[in-house]
Amino acid sequence: MSDSPGNRWHDMGGDVAGPVPGDDHDFALWEKRVDALVILAGLKGVFTVDGLRRVLEDMGEEAFETLTYYERWVAALNQNMLETGIYSVAELGERMEAVRARGTTYAEAADG
Amino acid sequence: MPHDHHDHLSPSGHPYRPDQDTGLTDWQVMEIAIRELMIEKEIVTAAEVQNQIDAMDARSPAQGAALVARAWTDPAFRDRLLTDGSAACAEMGFDVGPMRLIAVENTDSIHNVVVCTLCSCYPRNLLGLPPDWYKSRAYRSRTVREPRRVLSEFGLDLPADVTVRVHDSTADMRYIVVPARPEGTSGMDEAALAALVTRDSMIGVGIAKAG
Amino acid sequence: MDNLAPGTSVRVRAMRPPGHVRTPGYLRGRIGIVERALGPFPNPEQLAYGHAAARLPLYRVRFRMGDLWPSTETPDDTLDAEIYAHWLEPL
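Residue numbers (this note's numbering), protein chains in the order written: chain A, 1 to 112; chain B, 113 to 323; chain C, 324 to 414.
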């Protein structure tokens, strides 16, 4: 479905599509952590699942087709945290640089 | 769901997993940074994040299967499950949090199947995280229009005299299908019956089969 | 719209605003029957934008596949969805 103001890409019920894929995968630790942060942010009242969905929808169809599920979720979580003012863009940028400086693997970078 | 991150520690003390020791992606950098900032801003604690992961890892289709097996063997419980799915989960000792669960029952004449066309709503607080195909464009798009063709791709061909009821999880409810109890299982106890109940049968793309 | 009894015929409003809504496009303008009332739930169209949300009655509405997809081979199969009250017009 093309995206236009009244006909949004994510609203795909009834669209023509190919066979249902059979693949499945277990989740990596970083994906589980994104999932946990999303759920906890909701329980803490700084975030709603509809806020998550709104950003996912506004990210557009290309994001759906090219990013993984939790890549989209972490982007949408971040957008909501910025909008709510939990942290600033500058704080995020500085922290991401610090994380990168710790190493070249997830384990090294997460071990700060 | 693998639990091996609890089992092995690297020399530096970090929990070792193969997926942690490949090249670092920008998305992983974001996750680490966001998590640390949310902890520093006292939105969450590190322990809460770990506990939430452990709680999700502990949820699995086995919980739903136990619910179904109880419903098959205890008619009063079946009635309570169909009246209030969340209360029936609590009765079984399953913590489903704020999730509002509706159980829909398959019979000789009705087959239920669950989808979320707008995103990927799933009874995760009972069954754990959804399979990838449940979140796919194909499943989300086609299940509300040609459910029988979708079911056929899962190997389930329903006779014409069975009514298919599709449930689109559009809002605050989550759905579990209570599959029909297979023939030839009258002597089986609850645990043996639960082993017949697959994840797919509780989404409605499969059925419970004996043996 | 605050008290639709099970069995009530309803039409889903056909409006197509560009924002975050939980009423699927394929149901807009379609006629179904209230299957059950679920009680009041916060309006996702307000929650999505960070606003305090009014609580709206939410209904499960059942549609005949034949009323959704005229060319379907199994018109008596059904589709149930949850629809907030402000999207429903009783007939």
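All C-beta atoms in this analysis are idealised placements derived from N, C-alpha and C, irrespective of residue type, glycine included. Note that the coordinates shown come from a computational prediction; the quantities given were computed from them, not determined experimentally.
Identify which residue in the options has its Cα closest to the Cα of residue i.
i: Pro242 (chain B); options: A:Asp23, A:Pro19, A:Met12; result: A:Asp23
i: Met388 (chain C); options: B:Asp191, B:Ile288, B:His279; result: B:His279
i: Arg8 (chain A); options: C:Glu358, C:Phe386, C:Pro347, C:Tyr372; result: C:Pro347
i: Asn366 (chain C); options: C:Ala377, C:Tyr372, C:Leu350; result: C:Ala377
i: Gly362 (chain C); options: C:Glu368, C:Tyr372, C:Arg383, C:His343; result: C:Arg383
i: Ala292 (chain B); options: B:Ala320, B:Thr310, B:Ser298; result: B:Ala320
i: Arg286 (chain B); options: B:Thr185, B:Arg190, B:Ile214; result: B:Ile214
i: Ser221 (chain B); options: C:Ala408, C:Leu391, C:Thr401, C:Glu405; result: C:Thr401
i: Leu391 (chain C); options: C:Leu381, C:Leu350, C:Leu370; result: C:Leu350
i: Ala398 (chain B); options: B:Ala303, B:Cys231, B:Leu193; result: The question about residue 398 (chain B) has no answer here: the residues shown for chain B are numbered 113 through 323.
i: Gln175 (chain B); options: B:Gly323, B:Cys201, B:Asp196; result: B:Cys201
i: Pro294 (chain B); options: B:Gly323, B:Leu270, B:Asp169; result: B:Gly323
i: His409 (chain C); options: C:Glu368, C:Pro341, C:Gly330, C:Arg359; result: C:Glu368
i: Asn80 (chain A); options: A:Arg33, A:Leu40, A:Val46, A:Ala28; result: A:Val46
i: Asp312 (chain B); options: B:Thr229, B:Phe266, B:Ser281, B:Leu193; result: B:Phe266
i: Pro341 (chain C); options: A:Tyr87, A:Leu29, A:Arg54; result: A:Arg54
i: Phe64 (chain A); options: B:Arg236, B:Ala158, B:Lys247; result: B:Lys247
i: Gly318 (chain B); options: B:Leu263, B:Met204, B:Pro210, B:Asp273; result: B:Leu263
i: Gly197 (chain B); options: B:Asp169, B:Asn237, B:Ser232; result: B:Asn237
For residue i and residue j, I'd like the C-alpha separation in whole angstroms.
i: Arg249 (chain B); j: Thr275 (chain B); result: 25 Å
i: Met59 (chain A); j: Thr137 (chain B); result: 19 Å
i: Arg171 (chain B); j: Thr219 (chain B); result: 27 Å
i: Leu268 (chain B); j: Ala375 (chain C); result: 45 Å
i: Glu217 (chain B); j: Glu31 (chain A); result: 33 Å
i: Asp111 (chain A); j: Ala177 (chain B); result: 38 Å
i: Asp207 (chain B); j: Pro393 (chain C); result: 43 Å
i: Phe189 (chain B); j: Ala306 (chain B); result: 15 Å
i: Ala328 (chain C); j: Ala283 (chain B); result: 19 Å
i: Val357 (chain C); j: Pro413 (chain C); result: 10 Å
i: Ala107 (chain A); j: Glu97 (chain A); result: 16 Å
i: Glu258 (chain B); j: Thr395 (chain C); result: 8 Å
i: Gln140 (chain B); j: Gln164 (chain B); result: 19 Å
i: Gly18 (chain A); j: Arg102 (chain A); result: 43 Å
i: Val399 (chain B); j: Glu94 (chain A); result: The shown model of chain B, from 113 to 323, leaves out residue 399 (chain B), and the question about it has no answer.
i: Lys153 (chain B); j: Ala36 (chain A); result: 17 Å
i: Ala234 (chain B); j: Arg212 (chain B); result: Looking at the sequence shown, residue 234 (chain B) is not Ala but Tyr. The straight-line gap from Cα to Cα measures roughly 11 Å.
i: Asp191 (chain B); j: Trp184 (chain B); result: 11 Å
i: Phe364 (chain C); j: Gly299 (chain B); result: 44 Å
i: Arg353 (chain C); j: His223 (chain B); result: 23 Å
i: Asp403 (chain C); j: Glu62 (chain A); result: 29 Å
Does the beta carbon of residue i sit closer than 7 Å to a beta carbon anywhere in chain D?
i: Met12 (chain A); result: The displayed structure is made up of protein chains A, B and C, and chain D is not among them.
So what's residue i in DSSP terms, helix, strand or just coil?
i: Met285 (chain B); result: strand
i: Phe364 (chain C); result: strand
i: Tyr246 (chain B); result: helix
i: Phe189 (chain B); result: helix
i: Leu402 (chain C); result: strand
i: Pro127 (chain B); result: A caution first: Pro127 (chain B) carries a pLDDT of 45, below 50, which makes its placement in the model unreliable, though a value can still be read off. In the structure shown, Pro127 (chain B) sits in a strand (DSSP, three-state: E or B).
i: Met1 (chain A); result: Confidence in Met1 (chain A) is poor, its pLDDT being 46 and thus under 50, which makes the residue's placement too unreliable to answer from.
i: His409 (chain C); result: helix
i: Ser122 (chain B); result: Legend: pLDDT at Ser122 (chain B) = 42, less than 50; position of this residue unreliable, value from coordinates given subsequently. Residue state, collapsed to three classes: coil.
i: Asn7 (chain A); result: strand
i: Asn224 (chain B); result: strand
i: Ser394 (chain C); result: coil
i: Val99 (chain A); result: helix
i: Ser264 (chain B); result: helix
i: Arg252 (chain B); result: helix
i: Tyr372 (chain C); result: coil
i: Met113 (chain B); result: Legend: pLDDT at Met113 (chain B) = 38, less than 50; position of this residue unreliable, value from coordinates given subsequently. It is coil, neither helix nor strand.
i: Leu92 (chain A); result: helix
i: Phe386 (chain C); result: strand
i: Thr84 (chain A); result: helix
i: Asp50 (chain A); result: helix
i: Arg182 (chain B); result: helix
i: Pro380 (chain C); result: strand
Assuming residue i and residue j form a contact by the criterion Cβ under 8 Å, report the distance between their Cβ atoms to the nearest whole angstrom.
i: Val226 (chain B); j: Val289 (chain B); result: 6 Å
i: Gly355 (chain C); j: Arg385 (chain C); result: 6 Å
i: Gly51 (chain A); j: Ala371 (chain C); result: 6 Å
i: Leu67 (chain A); j: Val38 (chain A); result: With a Cβ gap of about 16 Å, Leu67 (chain A) and Val38 (chain A) do not count as contacting.
i: Glu57 (chain A); j: His10 (chain A); result: 5 Å
i: Pro187 (chain B); j: Met314 (chain B); result: Pro187 (chain B) to Met314 (chain B), Cβ: 20 Å. No contact.
i: Arg252 (chain B); j: Gly13 (chain A); result: 7 Å
#### Entry: Residues of the region 347-365 of chain C whose Cβ lies closer than 7 Å to any Cβ of chain B, in chain order
Listed in sequence order: Pro347, Tyr349, Leu361, Phe364.
### Query
In chain order, what residues of the region 282-298 of chain B put their CB closer than 8 Å to some CB of chain C?
Considering only beta carbons, the part of the region 282-298 of chain B lying closer than 8 Å to chain C consists of Thr282, Ala283, Asp284, Met285, in chain order.
### Query
What residues in the region 53-69 of chain A have a beta carbon less than 7 Å from any beta carbon of chain C?
Residues passing the 7 Å Cβ filter: Arg53, Arg54, Glu57.
### Near-chain B residues of the region 384-410 of chain C - C-beta to any C-beta below 9 Å
So the close ones are Arg385, Met388, Leu391, Trp392, Thr395, Glu396, Thr397, Asp399, Asp400, Thr401, Leu402, Asp403, Ala404, Glu405, Ile406, Tyr407.
### Message
Which residues of the region 237-250 of chain B have a Cβ closer than 8 Å to any Cβ of chain A? Give them in chain order.
### Response
Against chain A - using a Cβ distance shorter than 8 Å - the residues of the region 237-250 of chain B are Leu241, Pro243, Asp244, Trp245, Lys247, Ser248, Arg249, Ala250.
### Task
Using a Cβ-Cβ cut-off of less than 8 Å, give me the residues of the region 176-210 of chain B that come near chain C, in sequence order.
Within the region 176-210 of chain B, no residue has a Cβ that lies closer than 8 Å to any Cβ of chain C.
### Message
If the cut-off is 9 Å on Cβ atoms, which residues from the region 368-380 of chain C count as contacting chain A, listed in chain order?
### Response
So the close ones are Glu368, Gln369, Leu370, Ala371, Tyr372, Gly373, Ala376.
### Query
Listed in chain order, which residues of the region 22-51 of chain A have Cβ atoms closer than 7 Å to some Cβ of chain C?
Within the region 22-51 of chain A, the qualifying residues are Thr48, Asp50, Gly51.
#### Entry: Under 9 Å (Cβ pairs) to chain C, residues found in the region 71-90 of chain A
So the close ones are Asn80, Glu83, Thr84.
### Query
What residues in the region 255-270 of chain B bring their beta carbon closer than 9 Å to a beta carbon of chain C?
Only Val256, Arg257, Glu258, Pro259, Arg260 from the region 255-270 of chain B bring a Cβ to less than 9 Å from some Cβ of chain C.
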